[in-house]
Amino acid sequence: MIDFRYHLVSIISIFIALAVGIVLGAGPLDKPIDRTVRQQAIDASNASKALRSQNDELTSRLDDADAVLTSVVPAVVGGRLDGRDISIVALPGTPGSELKQARDAILAAGAVFSGSVSLTSDWVSTDRAADLDAVLAAHPQPGVTVPQGSDALPERAATELAHALVTTLSASVGSPDAESETLLKALRDKSFLRIDEQPWARSALVVVLAPTPDKPVSDADPATVSEATRQRTALVEVPRRISQLSSGTVVAGQTGSAGTNGMVAEVRSGGLRTSVSTVDDLDTPAGRLALPLAVLAESTDETGHYGTGQGADSQLPDIAGITAS
């Protein structure tokens with residue numbers, strides 16, 4: 001009997017405690033807690049609104065600055081490249097918007113757009129290596145010595161491409177070259193590149209466009225990393241071989257193109273840093289101002305690296321009478 005009464009009292013005590021807790025929670029203790037939570041929510045909402053307002057104001061100011069810079073670009077670069085023939089080479093993965101930005105920028109400076117070639121992913125595909133080798137063998141550029149051997153295909157392809165696009169002979173600049181046309185069209189027909197205008201009307205100045213690299217993945221498969229490195233090594237031969245023949249080569253990309261594993265970063269950190277210029281913000285008014293000025297500087301053997309990304313020397317080239325006193 002004692003045990004039963006003990007358990008009964010314990011159970012009643014539990015229910016009384018629960019009832020008291022419910023009353024207190026819904027009564028006098030609930031109000032200050034509720035007020036505190038509500039005030040914290042109001043404070044957080046006000047802080048969020050203030051941050052949004054600040055962000056909107058900064059965005060508006062940035063848009064205004066970009067608009068002003070865009071409006072002065074023609075006055076700053078207009079005529080600086082007057083009559084200069086310039087070709088564009090887009091590496092695999094380069095978006096069409098980037099190609100348009102580069103073309104518009106050099107045209108605004110008065111340059112003559114010779115044409116462009118856009119390399120496809122097949123250019124560096126191991127599955128298409130034999131096909132690429134066959135096209136190059138069938139259409140050799142006259143008087144061109146190229147590396148031989150299966151391991152030398154990237155160098156050989158880049159060398160043939162460079163000779164098809166570039167000449168520094170005054171009498172030949174801007175004039176269509178039959179052998180170059182044959183090779184470029186053969187490469188196009190086999191899906192190794194796309195053509196715009198007449199890039200076989202060779203130029204002495206070249207802009208190479210690079211895509212923005214993917215962000216590095218810490219746990220990426222080793223085979224994937226190895227393949228990406230192989231492709232990057234093959235593609236860097238394009239600006240390398242072009243720079244050996246041209247009067248000036250600039251590698252350009254959009255914001256983020258100077259990131260790890262990107263072609264802009266590859267040029268800035270490697271052996272091409274002293275011979276090939278770079279621009280890393282072509283999608284901004286500042287970048288579209290920098291590109292034609294970088295080409296102009298390159299034509300006088302002034303190499304530099306421009307933009308806001310890692311490895312940039314400055315925002316714009318230092319050119320007397322334009323950006324320097």
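So the sequence shown is numbered by the UniProt record's numbering: it starts at 1 and just counts up by one.
Heads up, the beta-carbon is just placed ideally off N, CA and C, and yes, glycines get one too.
Here the structure is a predicted model, which means the values were calculated and not measured.
| Query | Result |
| --- | --- |
| CA-to-CA distance, Lys49 to Glu266, given in whole angstroms | 42 Å |
| Residue 328, enclosing alpha helix (DSSP H) - first and last residue | Outside the shown range of the chain, which is 1 to 325, sits residue 328, and nothing can be said about it. |
| Start and end residues, alpha helix (DSSP H) containing Asp85 | First-last for Asp85: 85-90, but that is the beta strand (DSSP E), not the alpha helix (DSSP H). |
| Euclidean distance between Cα positions of Leu165 and Gly110 | 20 Å |
| Every unbroken alpha helix (DSSP H) within the region 97-145, with a cutoff of 4 residues, ordered by chain | 129-138 |
| Identity of the residue in Arg84, Ala105, Arg80, Thr36 nearest Ala286 by Cα | Ala105 |
| Any 3 or more C-beta pairs closer than 8 Å across the region 168-179 and the region 208-223 | no |
| Thr224 versus Gly143: straight-line alpha-carbon distance, rounded | 38 Å |
| Neighbour-count burial assignment, Pro222, 16 or more Cβ in a 10 Å radius | exposed |
| Pro140 versus Leu183: straight-line alpha-carbon distance, rounded | 8 Å |
| Cα-Cα separation, Gln39 to Arg52 | 20 Å |
| Alpha-carbon spacing of Trp123 relative to Ala129, whole angstroms | 8 Å |
| Run of the alpha helix (DSSP H) containing Leu235, from where it starts to where it stops | 222-235 |
| Contacts around Ser121, its chain only, beta-carbon distance under 7 Å, and the 5 residues preceding and following it disregarded | Pro92 |
| Sequence-distant residues of the same chain with beta carbon closer than 7 Å to Gly256, five excluded per side | Thr212 |
| CA-to-CA distance, Leu99 to Ala108, given in whole angstroms | 14 Å |
| Expected contact under 8 Å - CB spacing of Ile264 and Gly253 to nearest Å | This sequence places Val at residue 264; Ile is not what is there. The pair is a contact, with the Cβ atoms about 5 Å apart (cut-off 8 Å). |
| DSSP state of Leu205 mapped onto helix, strand, coil | strand |
| Collapsed DSSP secondary structure at Val76 in the structure displayed | helix |
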